[in-house]
Structures are given as C-alpha cells and as structure tokens.
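Take a look at the structure below.
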Amino acid sequence: MLARSASKVLRQRSTQSLFHFRGCLNAQHDSSLRHLATQVHQQIPASVDDKALIALFDQPKSTFRSSPLSTTGLFGHSSLTHPAALISLANATLVRAQLLTDRILRARESRSELLKVVKNLDRLSDMLCGVIDLAELVRNAHPERMWVDAANKAYEVLCEFMNVLNTHVGLYEVLKAVLSDPSIVKTLSPEAHQTALIFWRDFEKSGIDLPPAERSKFVSLSTDILVLGRKFLEGTNAPRPPASINASELAGLKDKGMGVRLQLQAHFTKRDLHVYPGSLQAHMIMRSAPSEEPRRRVYIAANSSTPEQIEVLETLLRKRAELARLVGKESFAHMTLDDKMAKTPENVDNFLDALLSHTRPFARRALHTLSQRKQAHHGLQSLPVIQAWDRDFYCPPEPPAPPIPLPPLTLGTVFMGLSRLFQHLYGISLRPAGSLSGEVWHSDVHKLEVVDEDLGVIGWIYADLFARRGKASGAAHYTVRCSRRTDDDDEVHDGSQEGAEPYIEEYTKFDSVKRHRLPNQDGVFQLPLVVLLCEFARPTISSGPTILEWHEVLTLFHEMGHAMHSMIGRTEYQNVAGTRCATDFVELPSILMEHFLNSPDVLSLFDSEGSNAPRRLGNVHSDPCHAIDTYSQILLAVLDQSYHSVNVLHPCFNSTDELAQLHNTRGLIPHVQGTSFQTQFGHLFGYGATYYSYLLDRAIASRVWNKVFRSKPLDRTLGSKYKHQVLQYGGGRDPWVMVSTLLDAPELAEGDKRAMREVGHWKIEDEVGQSGRH
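Under the working numbering, the very last position in the sequence shown is 772; numbers go up by exactly one each time.
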C-alpha cells in the first residue's frame, strides 16, 4: 500500500486490577526502596533531568506556555491553529501527492527517474501517512468536536485517494519495470529493496493484476468486507440480554455487602433479578456465588449471540475466503500470512501445536487443582468436571503484582526509571520540553525530548496519559511522524501545474517543520514523533501525584517499548520505520520491555536517592490458573486459523459448531451448549488470521530476556547489540534474521516450519510478574 494504515499500536486494557496502592510518598517511598537493597549494582543519584521528569508528571500543573508571543499550531505546525486548517492541509496534500504520482507514472521515460521510483513511492506514502496519521490521533484524542470532525473529514479524503493509488495499474507497472531490471535492483540498498517488495506485495494483495471484471469484483468484495467488519465490531460490544436470577440462589455470597443489596432489591421488586452480562453484579456472581446455577445462567447470557450476529461473522469469513481465491490464494490465511514472519498457515499450525503441547500439562495441573476445590466444596466422592462457569469461582483472577514488595510508585518516578533504563541500554534519555501555546491539544499533554548522548535530540514523545471524557479508551502508541531521510528528495523535479502553487506552498511549509540535521551524521532526516495515550488518574493538589498500580506500570513499559522502537528505528524509508514492520513482529520490543520489570536491578532505578539493587526476588506473586488462560488464548489463535481456512467455503460451515468441536477435542473445559462466544471475538476482524502474533512475540520476548538480558539487564554492550541488530532496522530487515542474530541461533534464520515449531517449544513468558495477564 502506498499509504500504509495509520501506525497505531493498541494494548488491551487490563480489567483485573482490584487493589489501589495509595499511601505516603516522598521519604517513605525512597526509604523503602533503600531498605530492599543489597550489594549488586550501584546507582547514581537523580540527575537534573530525572528530577525534572518527576516534577513534570507528579505536580498538577500544565507545562505549556500560554503567552501570545509564543504560539504555534498542533505539533509545531504554524498553520494548524484551527480545525479548518486541517482540512485545508488535506486538500493541499492531495494536490502535492498527485504531482508526485504523475512524476512516478512518467518514470519509464528515463533511467534516472526509474532509479528514483522506490524513493518517490516512499515519499508519496509519507505525504499521505503524515496527514492521515496526524488526523487519526486528533480524532481519538482531541477534546473539541470541531477538531474531531475536521480530522474525520481529512482522514476520509486522503484514505479515499490512498485506495485509488493502491489499485493504480500505472504505478504497479512502473514498479514492475524497476524490479524486473537487475541493473536497477543492484543499486537498491537492502532497506530500499525491502521497501520496494512491500509496495509490490501490497499492490498484488489489492488484485492489481486481475482482468477488469475480476478487479471490479475484488473492489466490491473489499467494500463488503469493510462494511461487514464494522457491523461485526458493533455486535461485539452490543449488550447481551440479562440472566434471570432468583434471590434465593444467591445465598452465601462471599461478597456480603453486594449479596445483601441484591437480596433487598429482589425483596422490594417482588421478582427475579435481571443481571446484565458485564455488570458489577455479574462479575460478583461469577466469582462468589456458591450455587452453580446462577453462575451457569450468567455465563450463558454473557456468551449468547443473535442469529444476525452469527450471520454477519460467517458472511464476513466467506467474503474473505472468496477474496483470497480471487487473487489465486488457497485461503484468506494464505493471502494474509504471505509477508508475515509465519509465512504460511502450516507454519502457524506448527507453532500453535507445539505451544499447546508445551502448555497442556501445566494447564491440566491447574485444572486438576480446580477440580479438587470443587470436589471439596460440594463434598463429592470423585473429582467433578470443571465447567466454564467454575473458572472464576474456584480460581478468582488476581491482579498483576511486582516480583518484590514495592512502595507506591508515582508516574514521575516510573518515567525517571524508564529514562535511566534507556540510558543504561542505549545511551538515550528522556528530557522534559516545554510546549508552545497551540502545540498540544490539552493541558494534560506533556512533551518529552528523546536525547541520544552522541546525536542529541532524535525524536519527541507527546504523553497524553490522564483519563478524560471523550478520549479514546485503552492504551495506545500513535506514530504521528516516521523517520525518513529527506535531503535526497529531489522535489524540484516533481513538477507543477496551473493553480497549484498555493497548495504546494502550504504543504511545503507543513513538511519543512519535520526536517532536521543531526550532529555526527550525514543527511537531513524527518525525526520520529509519537503520542502515547493512557487513562491514568490525574494528579491533583488535594490528593497529590498519580500513583500507578502494577498493571499500569506494565502498560507504560509496554507502550514505551513501542515508542523506543519508533525512535531507534530511524530508517531512511518511512515505510519500514520503527513499528512499521510485520504484524507478528511489532509486539516483540514492547513485550520485552515488560520483562525488564522482573529485574531487581531495573526496579532500583525507581529510587531517586541512589541505592543498591536487591540481590534476590521476594515472594513471587503467582496466579495458579494462569496456564488455563494461556491455553485458552492459544485455542483462540487456533480458532482464528480455522475461521480463515478453506473450511469456511464448505456449504455446511457453522462457526458455532467449529468452536464447539475445538473446545471438545483440544480444549480443557467443555463447550457450553447454547453459547457462541465467537461473535464477541473482536480480533477476528482487525487481526484476521494473525491472532497468533501476540503469542509468537511473547515466546520470542521471553527467550530474548532469558538468553540475553536476564543476568545483565543494565549492560550497555547487550543493549547496543539489541539496538543495532533489531531496533534500528524497523521493518527494513527480515525479522527472523534479526532474532536469529540476537539469540545466536542460526537455525531460526530461515523462518520455516522448523523455526516456528522451535519457538512453540519455548516458554511463552517468564515466570515472574506475569500473572493475571492475557
């Protein structure tokens, strides 16, 4: 695709956190960390920048300047001071992109222009992505409706043009001429060649070489899939009908307060209780109702579907299969996986089979424990079968917890720890930067410079971390601007046309802000700019700084893993910069960051006074049923593969029967008749045929942590190895080559079925600090 989808990496918000770490800070905080310490790794006291980070995030005041003499627009673009300017920019970008498109289409007129085709295609992609990604951020984060509406309009206008380019036969023929000429291919750097191949594959996936009638059908199917996908996602969040529960069935609830309230409610209404799936009452019943029947009814209600919801999903799956057949692929999975690490569905099956085999004994052991608890609870003579509604009652999900006891951690302290960790590993630190009036979209947003000890500022992170009404939920990393080399753009030969000058001038002004020359480095680069969105509690004068629960610390480390991938993956081509890499590789850096929180050496970085890290871990928090949840997630990945196989084109295909058969043949807990969870499995749309990706990256991240970083998590030599062998390439190098080099495992380099099966045999995660996470 000439304009790849907006580089947004989402993280599912944890809903398992039950405990709120609140308490005294400052002296008690530092004293507690120092008392944990023994003689391992001496830390230096907090630097000026460390203290500035703490002050920035822990003191409830804005850092943007409101002086009328220091004003700008969003992200420093002087024109973006009002919503209409965003629409105007989109229109100017269209004109500018059309001129470059025309230049590429004329490239076969001279060899010199053919040599610049890959560069110009990447420039064209950047023109569109630079505004599309900005608009994507604005429509998810800006508090003002007019800005959101303008962002939606700009996004739609440019995406429509992008779709035209993605099926543009002329552009495809020009790229084909380039890749068919060995003498030109020899001139391409490895990164440029990888970029060209990405364009080529995306063109082919768009049915570019089909005859006109079949191309028309391809476009029609693609539109149908988009419409059905949106309808399916709406259905995943649609409210389910309530379960009818008699108050007498709730006798003996572990939650006494809630039990009394429900009993009183039933008494005054003189009827059965209507318990809605997802409600506080439903969660309470599933976790604390001694009687099995109310739990069974709540479970069935929560996992029900209407015939219409099932039909939408199955039609979506069939349309995808038809689309794949149209472009000559056996199934949608075959079409989707062609440019992923996995390469083929067979390789994914090898990975998942190995993973199931490895996880099954641990999951069965946990299930046996639950069965023993159920036996004791009911006073049975033999071990009973654990049903789906028993899981939370006999093994209530527990929130994640640190591997050692820690005092409350403020948001500023955690950012200080992150900066110190990056300094140890990469020679990179975070530094607060003031933002001008109009540069950010809310006073909560804080700007950070990412500073390399040799190169100076290499990018910016805008942290929008506090919950507010109207803001997109969950945590996310948005790449608003990618890395790209710009001094060889050769814009003067893009041409012009009558009446285009004002548009060219407007776009040029927008583009010029993004260009920077770094010390000790050749060339001028577009430096990366990312935004982190989270939903933490806002600090206030009365309650003090934000105290993060442990799952929030994990979330922040995860998102900063994406951010550093964007910062360090400063490639010459934006189409392979940072997180613009294979779907089944993009989570590796972020998941690996979570593993660093298992290290006492890393946890000592949260101490602003300077002390030694604790030698040993304390009592490790462990969710005894975590293996059951991991096994269930693997089964969902298997289901995703099945739903995107050739099976869906069989006249008798039934998504519920497929789910039931999977659970009854390879699962741990029997399928419940009358349920159809698949209509709530939202990842089937966004991650169709690639849901295995998170599992694959968890397994690889665990291996990298154990083999590379565990014994020396703050070692600069190891950090530099990871930085220069993985992160700096973004998506410009084969992920298998990067992983095999990092792990000194040449047998992985081919990324074949043997490699996938090998990864499937690895531990999917480190045993410390990962409990309660899905």
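Every residue gets a Cβ at the ideal spot worked out from N, C-alpha and C, and that includes glycine.
Using a Cβ distance threshold of 8 Å, residue 177 and residue 149 do not count as a contacting pair. Per DSSP, residue 387 lies in no beta strand (DSSP E) segment and is marked neither H nor E. Counting C-beta atoms within 10 angstroms of its own C-beta, residue 366 has fewer than 16 neighbours from the protein chains shown and is therefore classed as exposed.
Per DSSP, residue 127 lies in no beta strand (DSSP E) segment; the continuous alpha helix (DSSP H) that holds it begins and ends at 115 to 139.
Taking C-alpha positions only, residue 574 is separated from residue 554 by approximately 24 Å.
Taking the C-beta atoms as reference points, residue 439 is found nearer than 8 Å to residue 139. Looking at the DSSP output, residue 445 shares a beta bridge with 431, 460. Taken in chain order, the complete alpha helix (DSSP H) segments of 4 residues or longer contained in the stretch 722 to 751 are 733 to 740. Under DSSP, residue 523 takes part in a beta bridge, and its partners are 483, 514. By the neighbour-count definition (other C-beta atoms within 10 Å, threshold 16), residue 467 is an exposed residue. Bridge partners of residue 542 according to DSSP: 538.
Taking a cut-off of 8 Å for Cβ pairs, the stretch 458 to 476 and the stretch 525 to 542 touch, as three or more such pairs fall below it. Taken in chain order, no unbroken stretch of beta strand (DSSP E) lies wholly in the stretch 340 to 365 with a span of 3 residues or more. Per the C-alpha coordinates, the member of 548, 572, 364, 284 positioned closest to residue 412 is 548. Residue 115 and residue 762 have their alpha carbons spaced roughly 42 Å apart. Following the DSSP letters along the chain, one finds residue 214 inside the alpha helix (DSSP H) bounded by residues 210 to 234. Beta-bridge partners assigned by DSSP to residue 491: none are found. Around residue 604, the same chain offers 31, 404, 407, 411, 412, 414, 415 as residues with beta carbons nearer than 8 Å, after the five sequence neighbours per side are excluded. Cβ-Cβ separation between residue 562 and residue 587: approximately 7 Å, consistent with a contact (criterion under 8 Å). A direct Cα-to-Cα measurement between residue 173 and residue 102 gives close to 9 Å. Contact annotation: the stretch 473 to 483 touches the stretch 521 to 535, with at least three C-beta pairs closer than 8 Å.
If you look at residue 95, you'll find it in the alpha helix (DSSP H) that goes 81 to 103.
Where residue 310 is concerned, there is no enclosing beta strand (DSSP E), although the alpha helix (DSSP H) around it starts and stops at 305 to 324. Per DSSP, reduced to three states, the secondary structure at residue 187 is coil, with no helix or strand assignment.
A Cβ-Cβ contact shorter than 8 Å links residue 434 with residue 69. Rounded to whole angstroms, the separation of the alpha carbons of residue 160 and residue 221 is 14 Å. The beta carbon of residue 501 sits closer than 6 Å to those of 90, 93, all from its chain and outside the five residues before and after it, given in chain order. By the Cβ-count criterion, residue 326 is exposed, with fewer than 16 other Cβ atoms from all chains shown falling within 10 Å of its own Cβ. By the neighbour-count criterion, in which 16 or more other beta carbons inside 10 Å mark a residue as buried, residue 418 falls on the buried side. Bounds of the alpha helix (DSSP H) holding residue 700 are 691 to 702.
Below 8 Å, too few C-beta pairs join the stretch 304 to 314 and the stretch 190 to 208 to call them touching: fewer than three.
Apart from sequence neighbours up to five positions away, the residues of its chain that approach residue 72 with a beta-carbon distance below 6 Å are 78, ordered along the chain. Less than 8 Å divides the Cβ of residue 199 from the Cβ of residue 336.
Residue 650 sits exposed, since fewer than 16 C-beta atoms from the chains shown fall within 10 Å of its C-beta. Looking only at 156, 280, 332, the smallest Cα-Cα distance to residue 643 is reached by 332. Beta-bridge analysis with DSSP links residue 454 to 450.
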